[in-house]
Each structure stands twice: as structure tokens, then as C-alpha cells.
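Below is one structure, written out as C-alpha cells, with a few remarks after it.
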Amino acid sequence: MPRPRFCHISAIRAVYIHMRRKTFHDLDAQVLIGRDGECRLLDGLMSALSTESRVLVLRGGAGVGKTALLGYLLGRARQCDSSFRTTQVTGVEFDMDLAYAGLQQLCRPLLPYLDELPDPQRRALETALGLDTGDSPPTDRVRVAALALLTAAGRDRPLLCLIDDAQWLDLASLEVLSFAARRMEGPVGLVFATRDVGALAGLPERVVGALSDAHARELLDSTLGVHLDPRVSDRILAEAGGNPLALMTLPADDSAAELGGSLRRGHPRSVTTRIEQSYAERIGALPEPTRMLLLAAAAEPIGDRAVLIRAAHSLAVTAADLAPAVTAGVVEVGARVRFCHPLARSAAYRAADPVERRAIHRVLAEVTDAQTDPDRRVWHIANAVTGPDDEVATQLEAAAGPARHRSGVSVAAAFLQRAALLTSHPERRGDRALAAARAKLDAGALGDAEELLATAQLGPLTELQRARSAGLSARMAYLQHRDDGSGATTSSDIAARLHDAAQQLETLDEAAAGEARLEALAAATAAGRLGSVPAVARLAESVVPAAGEPAAVPEFEASGRLAALPVLEQAAAYEMWDDALAHRLATAAVQRSRESGARHLLAETLSHRAVVLMLAGQLDEAEMMLSEAHSRSASAGYHAPWRYPSLLLDAWRGDPADLEGIKTGAEAALNHGEGRALGLAQYATAVLCNGLGRYEEAFTAARQAAEYDDLGLYGWHLVELVESATRVGDTATAEDALIRLTRRLATSQTDWARGTLASARALTTHGQDAEAGHLEAIDHLSRTQVRIHHARAHLRYGEWLRRRRRRSAAHEHLTVAHDMFIRFGAQAFAGRAERELIAKEGKPLQPTLAGGDHLTAKELQIATLAGQGFTNAVIGERLFISTHTVEWHLRNVFAKLGVTSRRQLRTLASAG
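See below:
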């Protein structure tokens, strides 16, 4: 009997519409075919969330089922009745230029907890969320405030935050949530669904892939509920490629004849195209008033219901005309009007012709309040014009400055880009295109920046514009490290080009010339040993005030010009061996770059801050900084010369498997002409091998590194060379390195410098002189923030004592070193200390805090600070967590250790 070939297209569409309406707002009972592994992972997340924080990134392509997995989580939370609180936000592509639009939606249900925040944090968050007027608050304060708000909301019952389409969240919101995710404590969960990781890089991740063939067929059969000709089903399965949304959409997009057995001719379209086309067909079947309102909703970036109601009145329709779109599964109407899928919004906008779009933008401009939302209003005005319009271009250019202050550099860049496109005068268009290209570059949009630069270069350029264009082109090449047609691909080559641009600008625009010189010096410094030393010296003389002009130095620093040279800021601090200065400069540089919105500069300053944190023994915090730096540079397409500090983190972590990765980093530095990074990779090798006790390898790496005078690193190379040379018995090399180190530190009287020199001398001398050197090193370094070297001083002294069979004293210093390295997460050096202790005792080391082996790393950190007498507020500031979170951790610490006061914590520490 032949198989029946029947179905009714309207029935299939009804099934599809019903399923698509089940967005992640109401997927309580849906069975997710082929997602057993993901569901088990989410079940575990929910179980753990009752007592501790959990973060997860669900990454996968469009339509792969990320939203459905969020719906599964929401269903699990609802099954717990009132045990869980939930809040959610969906990124919208058209919102990406509106700072904090996503955060505003996510935090709206949590606003009652604002009063629990300290006043500065509360005011900052209220301003960022549009609840109060005022200047744009510091980014760091908004981040800490949002973290505190989420923590407060999760204190009485677990909080689950669901973030869908995170790739389309505005950058400001995404950065805040990434910051919170890396520092969250207590029962708060953040689950992101995204197509690419971007700023979420380094967070726990689950890749959501295509369904298997068997599961894809099962989903197709369950979607249709009818039997298809095998050729038709095979074609649908092939086109869908295991994509769940496509499997539910493609059948609804076919005609009854096709589903009944006819085969389509021609090439299959992409899944995304097919899905958007499906929405376009549904939208096309709606009444004209409904389509008009859908177009307004698609053009209105944040789905403001009040604005859309006013727009409806102007269009002579009513809000009730949206009802057919709701029934069709295109939009949902609540406090805001939101599309059921981003491609539905795109389809609604594309379905209209240009005349209709401009008319809608004109209406939206009229009904948007110019006082409360000037940025949105001018944007609608710009999209309502038919061609070049110099008056509107001038409005956009004028609005770009305030918009940058209020909403960030990405919004200003979008305004300037649009202004350039609307400008009729060639010279003004060139100026605006160059300004937009620079802003896009700062915002991390390299592709847009290149297009705008090309636009500027199409027209006749003035001498000033040609010089600015040359500088921008060289700057882009430096950030990407590629040949842009000039043949310049190394840091040294690009430094020469930037210097040439600076010379062209000198008589035309001194401020721009100064910026170009700074960038040239940064590139030349990165080139280091692989570049021209005289060229670096000449550049430095042209940028930094002469030594004979001390009065000019404070003015130079106050001007903020040093902020554009974080590499030189940090190198200077390291050359002076001033750890306090390095800490202050790195912290201030990160804050400045966050506030300016310059993504490439922030990536660099974050990496420098990470090095400072490594020296302080805060390796976990350093890793978070480097993860953020990497995500910012990678998502923008930068080749990041500042990525190399991650090699140093690997060295301090102490995993021997990372030696190969450090070697690869050294090769990359050599290929890109980055001599200073090559020196850092060699230093990292020496540190790691000294920690592992592989002294021959450490000696080879340190000797190679010390052949060159790398700015800010040369003294570090010599320290590792002294230690490794003494270990391999090369006394002559060790003594020569000590002489060079002594000369290098001759002008520095900081505790870091004096402690470092005393420790190096102790390694090369004997008897009482050696012991005096070790003790002097420990004393000086105890007063610094370079805690990791303070621990190494204890380790060296303990090793020296053990070899002289002074077992009790050796045990004391080796135990101190071991405990410090364990807290830092410096496993190689901790292992070296433990081997010494085992050699002395014949058994492994025991914890020094009674009961401390039951504490988590964070609990041990907080318990230590509390035992030292710090208040909860101070601990919170140090660890970037709220005071409530500190209290929560201390309750756990007290319960685990059986204590009831901070005084008892100090007693336990001294008894350990």
C-alpha cells in the first residue's frame, strides 16, 4: 500500500506558530529533543544555585536551540515555586548603540533593592539605567553597583539571570554583566546565550551544536505530525543541517504541493535566509495597519510601548492593530514590544520599502522626547532624510560629543559615520569620515573604520587630511599587525610610518602630531631589541620633557598624554622598581581607558594591570583581567601585542605543559617584530623553569633574555639569571649578572629594589653575609606589594637554612613560602617549597590554618583579611564584592571552623 502523501499547509503553520510563540518566557514543559547533555548540565546548575553562584555561556549559531535551553532553565525555576527569582533580557541588534539598554531591562525587576546599595553606587546605577539625570557615571562604579544589586537580590532567595542573544547586547551592558559574572558570589546565576563569546571569553562555556541526524528527523516528525514523502523530508533535513529552528521553520515555508511530494529545484538557501523569509511571508499576510505598527516597532530601538502608542496615533492606527502580529507569533506585547526572534524584527524592517522606512523614522522622531532622549531623536531624524542633508549632518556631528559622554564612543562613532554619509561638501565629508574612522577604531569596529578611511580617501584631500589619513592607516596596521599595502608589517616599520605622519602634522595640527608621536613611540618600544634603539631615543626626546626641565614633567603627566602610553608608564615604574607607583599607574590607566571607551587602550591597560596583580600574588584576578583584555582585542580583530603577559601568568601558575605555549608565544613575537614581548617570553620561561627546579633550562632562557636591555624588564632578567646560574654552578655568570643588576638598581632606593638586590647578593655569597642578605631581602620585600617575590625570598632563605641543617628555622620559612604560593596559585614554586619540606620532614606539609583545608580559596582569602582586622566594607572593596557577600562567606567560614568571632580566626591562624 503506498504511503499517504498529505498535509494541509495551514495546519503546519498553526503548529509552527504555536511552537515559536513558546519563547524562553514559557517553555516550562517542552521536551528538548537531542539536548539531554545540555539539560543535565542545566539541572546541575540549578541544584548548585541554591547555595553558590553559577555562570554559563551557551554558545552556538542562529536557531540552534539556545533560547529553548534558556526556556528549559526558566521552567525549572518556576517548578520551584517561589524558591527562585528570575530576570531576563534579550539583546536586540538595533539597540547596540544605546548604552545600558540591556542592563536596564535586566535590572528592572530588581529595582526595589537599589536602596541597599551605598549612595555613590546607587546614584551611578540610577543614572546609567535612566532613572535619574546627570553626567555619565564612571564605568567602574556602574559595574560594581550592578554586581552589588544582583548580589542583594539573590540574598533572600536564589536569583537566576537569563541573557539571550548576548551578541546583540549593547557593549556597556555586556561589559557590566561580564564583570559581574567573573566576580559573582552567593546564590546568583547568570546564563548567557550567544553566537560568539566576545567579552564573555574565559567564562564557563557549553557549545550547542547541530542535532544528530536521528534527533533531527525526530524533531521534524514531531513538528509536522504528518507523514512526508521521504524525498521531501530528506531534502528538508539536508537544508536544515541539524538546526532545530530551521527544522521547525522550513516545513512551514513550503507549499502544500512540496510537502505532499513535489521537490524544489534550485540551490537551497541558507538557514538564516529561510527563517527570515518565513517571517517575511507571515508579516506580508498581515493587515496593513499591523504591518505599519510592526515597522515602527522594528525601527524603534528599545521597544518603548509609550513611544509606539504615540506613533500609532500619528499614523491613524491603534495599539490594538498589533493583535494579529501577536497571534501570528511575530511579536509579544508587555511592558515593551519585543519580537519573538531577531530575524522577525529584521524581516519587518526589510519588508518595507525605503519610503515607508523614512516615513516611520520621521514619525518616531516627532514623538520622541528631545529632552529625555536626544540621541534617539536625532538618530530617527537622520534616518528620515532622502539623501545628503548638511543640516542634519551638522546636527549629528554636534550630537556626537554629548552622546559620547552619555552613551559611549560607539554611539558617537555611529553618529559621525551617519554624518559623513549625509554630508555633500567633499572637504567636510572627508573631515567627518576621518573623525568617524578614528571613533570607530576606538570603539573596536575595525571593519567600519577601514571603510570610512577608504571613503575619506576617495575625495580630494587637503594636506592636513592626507596627514591624518596616513596616521590612521598606520595605526590600524599596528593594531592588526598586517600589511595594508605599504609593506610595513613589524612594530619597527609601523613606528617609522607613524613618525612620518607626525612630521607631516607638525605644522598643521600640533595636537594630532603629538598623538602620532606617542603612538610611534609605543610601536618603537614594542619593537625593542628588534627595532632601532637610536630611533626610540629620538622619539622619546620628542615626546617626554627633557631631564633638565623638571617643572614640565608634572604638567606633562597632568595633561593625560602619558595615558596614551601605558607601556611606557609601566616600564618606567619597573625601571625605578617602584611597586606602589606601578600599582597606582595601572589602576588609574584602566579607569581612564574604561571611561574613554577606547577598547584597544583598555585591552592594553588591563594587561598591564594584570602584571601588577601577578606581582602581588593575585593570579586569579590577573587571569580575569587578561581574559577581558583578550576578549576585547579578539572580538575587534586586533592583533594584541599586550596579550603576551598571559605567558607570564602561565609561568607563575607553574604548569610544565605551558612551556610549549610560551615557546609558541616567543615565535609569534619574533615574527611580528616585537622584541620586548620576545624578552618577556624568555623571562617567563626562566621563571617557570626556576619554579620547577629545571635550572639548566632557566639558565639558558635567562641568559638569552639578559643579552638585551628590554625597557622595564632587564633587571627582571638578571634576577632569574643570578638564581639559575648559582643553581647550575656557573659562579662567574652569576657574579657578572649581580654586577649588572647592582648598576641597574644604583639609583633606586625602594624596598623592592633593595630587597631584590639583597636576595641576589645572598645567592652569590656565603656564611653570615648570605644569611644577612636573605634576612634583609625578607624585611624589605615584606613592605612591598610584590608579594610573590616576598614569598620567593622566604623560599630561598629556607632552602639555604635546610642545607645547613638548621631544620627548625628552615621549616618556618619554607612553610611561610609554601602557604603563600598556595594562596597565590603558584603551583611550581609551591611544589619546590614542598619538596624541600619533604626532604626535611619526610612527609607532606599540613595546612597552617586549623580546619583551613575545608575552606574554598575565596573563603580562605576573606578569613585571612578578617583575621587581620579588616572590616567587611574594606574586604569588599579589595575583592570587588559587596559587604553582604563578605558576610555570607564569613558565615560559612565560621560554620566550617566552628568559631563565632574574628578574634578566634586570628587564634586559629597563629595555632596553625
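When we follow the numbering used here, the leftmost residue of the sequence shown carries the number 169, and every step to the right adds one. In this text, a Cβ means the ideal position worked out from N, Cα and C, and glycines have one as well. Given the structure is predicted, the values throughout are model-derived calculations rather than measurements.
Listed in chain order, the alpha helix (DSSP H) elements of length 4 or more contained wholly in the segment 216-276 are 234-247 and 269-275. Within the DSSP secondary-structure output, Gly212 pairs in no beta bridge. A check of alpha carbon separations from Gly229 across Leu237, Asp364 and Leu266 identifies Asp364 as the nearest. The distance from the Cβ of Val223 to that of Pro412 is about 24 Å, inconsistent with a contact at the 8 Å cut-off.
When secondary structure is reduced to three states using DSSP, Ile1030 falls in the helix class. Of the residues Ala771, Arg227, Arg634 and Ala245, the one whose Cα lies closest to the Cα of Ala670 is Arg634. Taking the Cα of Glu500 as reference, the smallest distance to any Cα among Ala465, Val485 and Ala479 is reached at Ala465. Judged by beta-carbon spacing, Leu1028 lies beyond the 8 Å limit of Ile1043, meaning their Cβ atoms are not closer than that value. Within the same chain, Cβ atoms closer than 6 Å to the Cβ of Leu271 are found at Ser341 and Val344, the five residues on either side in sequence being excluded.
Under the Cβ criterion (8 Å, minimum of three pairs), the segment 635-647 counts as touching the segment 672-681. By the CB criterion at 8 Å, Leu242 and Thr254 fall inside the cutoff. About 4 Å separates the Cβ atoms of Gly410 and Leu379, confirming a contact at the 8 Å cut-off. For Gly471, no alpha helix (DSSP H) segment is defined, and its DSSP state is neither H nor E.
Nearest to Glu888 by alpha-carbon distance, out of Glu864, Leu879 and Trp547, is Glu864. Residue pairing of Gly859 in beta bridges, as defined by DSSP: absent, with no partner found.
Classified as exposed, Leu626 has fewer than 16 neighbouring CB atoms from the shown chains inside 10 Å of its CB. About 6 Å separates the beta carbon of Trp820 from that of Leu787, a gap short enough to meet the 8 Å contact definition. By DSSP's assignment, Ala998 forms no beta bridge with any residue.
Going by C-alpha positions, Ala834 is about 55 Å away from Leu462. Contact annotation: Asn858 and Glu891 have beta-carbon atoms nearer than 8 Å.
Counting along the chain, the unbroken alpha helix (DSSP H) around Val577 starts and ends at Val577 to Leu590. Distances from the CA of His383 to each of Asp204, Ala690 and Ala945 were compared; the closest alpha carbon is that of Asp204. For Gly231, the CB contacts under 7 Å within the same chain, skipping 5 residues up- and downstream, are Asn411, Pro412, Leu413, Ala414, Val439 and Ile443 in chain order.
Looking only at Ser446, Ala314, Leu676 and His962, the smallest Cα-Cα distance to Glu631 is reached by Leu676. Given a length threshold of 4 residues, each whole run of the alpha helix (DSSP H) inside the segment 291-345 is given here in chain order: 307-321.
Here Glu842 carries a coil assignment [DSSP, helix/strand/coil]. By the Cβ neighbour-count rule, His481 is exposed, with fewer than 16 other Cβ atoms within 10 Å of its own.
Where Glu875 is concerned, there is no enclosing alpha helix (DSSP H), because DSSP gives it neither an H nor an E. Spanning the alpha carbons of Ala453 and Gly298 requires a straight line of approximately 38 Å. If you ignore the 5 residues before and after Met988, its C-beta comes within less than 6 Å of the C-beta of Ala959, all in its own chain and listed in chain order.
Residue state for Glu500 is assigned as strand, using DSSP reduced to three classes. Straight across, the Cα-Cα distance linking Val855 with Glu828 is about 14 Å. Restricting attention to Asp818, Asp823 and Gly861, the CA atom closest to the CA of Ala849 is found in Asp818. For Gly357, no alpha helix (DSSP H) encloses it; the enclosing beta strand (DSSP E) starts and ends at Val356 to Thr362. By the neighbour-count definition (other C-beta atoms within 10 Å, threshold 16), Ile1006 is an exposed residue.
Linking Gly883 to Thr924 through their CA atoms gives a straight-line distance of about 10 Å.
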